[in-house]
Amino acid sequence: MREQPDGAALLAIARDVLRKELLPLLPKDRAYEALMIANAMSIAEQQLRSGDAAGHAEHEALQRVLQKDGNLATLNRLLAEKIRTGEMDGNADAQQLLWSSVVQRVGESAPRALAAYGIG
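Residue numbering for the sequence shown follows our numbering, beginning at -10 and increasing consecutively.
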């Protein structure tokens, strides 16, 4: 059994300390970098909390749309190539895959943006 708090909670605590206690002490010209670090910590926390389900779902959807086997990176490259050549034009399954992927990624990096549009 793992100790509590878990990894996601530790990231949240560290991010809060960075933002609330350390960021105000930094020179103004270093604040942007600290905010980028805090945002990266938020994304990592969200990914830890959500697990691998999104990656598995994307992989399965890519295999279904492309009707090929391969790892996630290879299948994403193949999809991009097919989009560039026009082979996916009008393909509703490919469009749904891309939309789902965008929603999932924005949900990790900027969840309030989705809520603002009533998505997710």
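C-beta: ideal position from N, C-alpha, C; glycine also.
Counting C-beta atoms within 10 angstroms of its own C-beta, E34 has 16 or more neighbours from the protein chains shown and is therefore classed as buried. E(-8) sits in coil when the DSSP states are folded into three classes, being neither helix nor strand. Secondary structure note for L86: its alpha helix (DSSP H) is the uninterrupted segment 81 to 98.
Taking the C-beta atoms as reference points, L7 is found nearer than 8 Å to A23. For K57, the secondary structure class from DSSP, reduced to helix, strand or coil, is coil. Taking a contact as a CB-CB distance under 8 Å, the pair L64 and L55 counts as one, their CB atoms being some 6 Å apart. In the three-state reduction of the DSSP assignment, P16 falls in the coil class, being assigned neither a helical nor a strand state. Taking a contact as a CB-CB distance under 8 Å, the pair A20 and L14 does not count as one, their CB atoms being some 10 Å apart. For L(-1), the closest C-alpha among the options M25, K17, L37 is that of L37.
C-alpha of I72 to C-alpha of V92: approximately 19 Å in a straight line. Judged by DSSP in its simplified three-state form, G107 adopts coil rather than helix or strand.
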